[in-house]
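There are 2 protein chains.
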Amino acid sequence: MLKITRKVEYALIALRHLKGKQDGELATAKEIAEQYGIPQELLAKALQQLAREHVIEAVKGPSGGYKLVTDPNSINMTKFFEIMEGPMGIMDCYFDSGCEQLNACNIRTPINRINDSIRSMFDKMTLADITY
Amino acid sequence: MLKITRKVEYALIALRHLKGKQDGELATAKEIAEQYGIPQELLAKALQQLAREHVIEAVKGPSGGYKLVTDPNSINMTKFFEIMEGPMGIMDCYFDSGCEQLNACNIRTPINRINDSIRSMFDKMTLADITY
DNA sequence: TTATACCCGACAAATTTAGTCGTAAATAAT
DNA sequence: ATTATTTACGACTAAATTTGTCGGGTATAA
Chain A
-19 MLKITRKVEY ALIALRHLKG KQDGELATAK EIAEQYGIPQ ELLAKALQQL
31 AREHVIEAVK GPSGGYKLVT DPNSINMTKF FEIMEGPMGI MDCYFDSGCE
81 QLNACNIRTP INRINDSIRS MFDKMTLADI TY
Chain B
-19 MLKITRKVEY ALIALRHLKG KQDGELATAK EIAEQYGIPQ ELLAKALQQL
31 AREHVIEAVK GPSGGYKLVT DPNSINMTKF FEIMEGPMGI MDCYFDSGCE
81 QLNACNIRTP INRINDSIRS MFDKMTLADI TY
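Just so you know, the sequences run in chain order A and B. For reference, each letter of the first sequence is one residue, going -19 to 112 in this note's numbering. For reference, each letter of the second sequence is one residue, going -19 to 112 in this note's numbering.
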């Protein structure tokens, strides 16, 4: 409960790694996977997602790899989590209205308050804070 | 990711329900399960855990049930979550040192910071806030 | 004695997460 | 051109976790 997934973990590791690179220097999925002992294929998926959202940029072919193209200060953690995993909420009823008990439910309001607190906390935290 | 479990959800529903009772009035697992349309057996387990930790008290036998015996103001959400699910941390390495990559890992410090932020947020939030 | 209600561990089903594989496309180097 | 390297991506399997069920127990009020 309240755990982040491996994919998010791997994405953070990769971003932190990329941030350490000079200028236009690239890092490959293989390089990162080996350095941190994580499964390359899974890491690759995380990197591809980040590339699709233009957080990083992919360069194909030999001597290709990835590099940061967005200032980590400009991406807050709510956005980052949602890039990696879709809508963030501690309960599905926060965004999915398919709950059968909505009328009987006696904890909707408090649940929403917890949600909002978590979101607002992550809103104020940027990728730069995390990958400093 | 970052989701609370059903058990926690059911515990919150039950606590909120118990809080609405007068004085020494009891509520049974069956009554709660039916009213909110949730599986009785699973709810029962949540209630039993709360009883073991003396958040509520169980009365056996016919006309038995549960009642609150601890002021919800005195239980913060960190404690509540840990009663229900054990140690709270967004990654296992927060409390479990069995990680192979500890030395290579480049995100330990930031992960710990996120953890601490979440914990401190839940430290300041009590069951009373949630079941008002 | 009986019916009701909590207690609890073991099990099974369902869902989610983690990891793998095969194939394709781009491209630098030879 | 061919080859080697690297990203892209969907399909698949495996593992782990969560969710739900079952059976047998204890306590106790009526």
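All C-beta atoms in this analysis are idealised placements derived from N, C-alpha and C, irrespective of residue type, glycine included.
With a threshold of 7 Å on Cβ separation, who are the neighbours of Gln29 (chain A) within its own chain once the five nearest residues in sequence on each side are excluded? Hits under 7 Å: Ile63 and Met64.
Straight-line gap, Ala108 (chain B) to Gly0 (chain B) (C-alpha atoms, nearest Å): Rounded to the nearest angstrom, the two C-alpha atoms are 12 Å apart.
What are the residues that DSSP puts in a beta bridge with Tyr46 (chain B)? Bridge partners of Tyr46 (chain B): B:Ala7 and B:Ala38.
Where the alpha helix (DSSP H) through Phe102 (chain A) begins and ends: Segment Arg88 to Asp103, the alpha helix (DSSP H) holding Phe102 (chain A).
So Ile110 (chain B) packs on Leu(-8) (chain B), CB below 8 Å; how close in whole Å? So it is a contact: roughly 6 Å between Cβ atoms.
Just checking: is the beta-carbon of Tyr112 (chain B) within a distance shorter than 8 Å of some beta-carbon in chain A? Tyr112 (chain B) counts as touching chain A.
Between A:Pro90, A:Arg(-4) and A:Leu(-18), which has its C-alpha nearest Arg88 (chain B)'s C-alpha? Of A:Pro90, A:Arg(-4) and A:Leu(-18), the residue nearest in Cα terms is A:Arg(-4).
C-beta neighbour in chain B for Arg32 (chain A), strict 8 Å: No, no contact with chain B.
What separation, rounded to the nearest whole angstrom, lies between the Cα atoms of Pro52 (chain A) and Tyr112 (chain A)? Straight-line Cα distance between these residues: approximately 9 Å.
Using a beta-carbon distance cut-off of less than 7 Å, what residues from the segment 29 to 56 of chain A approach chain B? Across the segment 29 to 56 of chain A, no CB contact with chain B closer than 7 Å is found for any residue.
Taking Ile55 (chain A) and Ile98 (chain A) to be in contact with their CB atoms under 8 Å, please state how far apart those CB atoms are, rounded to whole angstroms. No, Ile55 (chain A) and Ile98 (chain A) are not in contact; Cβ-Cβ is about 17 Å, not under 8 Å.
Spatial distance of Met4 (chain A) from Arg93 (chain A) (CA atoms): Contrary to the premise, residue 4 (chain A) reads as Gly rather than Met in this sequence. A straight-line Cα-Cα distance of about 43 Å links Gly4 (chain A) and Arg93 (chain A).
Once DSSP output is grouped into helix, strand and coil, what is the label at Thr106 (chain A)? In the structure shown, Thr106 (chain A) sits in a strand (DSSP, three-state: E or B).
Mind checking if Thr(-15) (chain B) is an interface residue toward chain A, Cβ cutoff 8 Å exclusive? By this cut-off, Thr(-15) (chain B) is an interface position.
If distances are taken between C-alpha atoms only, which option among B:Pro90, B:Phe75 and B:Lys59 comes closest to Met105 (chain B)? Ranking B:Pro90, B:Phe75 and B:Lys59 by CA distance to the CA of Met105 (chain B) puts B:Lys59 first.
Beta-carbon spacing of Ala7 (chain A), Gln20 (chain A) below 8 Å: No, Cβ-Cβ distance for Ala7 (chain A) and Gln20 (chain A) is not below 8 Å.
Is the separation between the beta-carbon of Ala84 (chain A) and that of Gln2 (chain B) shorter than 8 Å? If you check the CB distance, Ala84 (chain A) and Gln2 (chain B) do not come in under 8 Å.
For Asn92 (chain B), go through chain A and note every residue whose CB falls closer than 9 Å to its CB, in chain order. Listed along chain A is no residue with a C-beta nearer than 9 Å to that of Asn92 (chain B); the closest approach is about 11 Å.
Neighbour flag for Gln2 (chain A) against chain B, beta carbons, 8 Å: Not an interface residue.
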